[in-house]
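Heads up, the sequence shown is in our numbering, so the first residue is 6 and it goes up one at a time. First the structure, in the form of structure tokens, and then the observations on it.
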Amino acid sequence: MGRAAAVHAEAFGWHRTAAITLESYHAAIGAVLVRPS
């Protein structure tokens, strides 16, 4: 049970990191598209 909980926590951490990275990426792309060159 402890191992399963650890694996679940690790997977949750990866998903959270990916979501934050994706959000930052979209924010950066949006800033580039909105800002006139």
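Think of the CB as a built atom: it goes at the ideal place given N, C-alpha and C, for glycine as much as any other residue.
Notebook entry, point to check: Do you know how far the Cα of H20 is from the Cα of H31?
Noted result: Taking the straight line from one Cα to the other gives about 16 Å.
Item checked: Through-space distance from A23 to A9, alpha-carbon basis -> So the alpha carbons of these two residues sit roughly 21 Å apart.
Margin query: Between the alpha carbons of I25 and H13, how many angstroms are there, rounded?
Written below: Rounded to whole angstroms, I25 and H13 show a C-alpha spacing of 18 Å.
Note to self: For a minimum of 4 consecutive residues, which ranges assigned as the alpha helix (DSSP H) are wholly contained in the region 7–35?
What the structure shows: If we require 4 residues or more, the region 7–35 turns out to have no alpha helix (DSSP H) run fully inside it.
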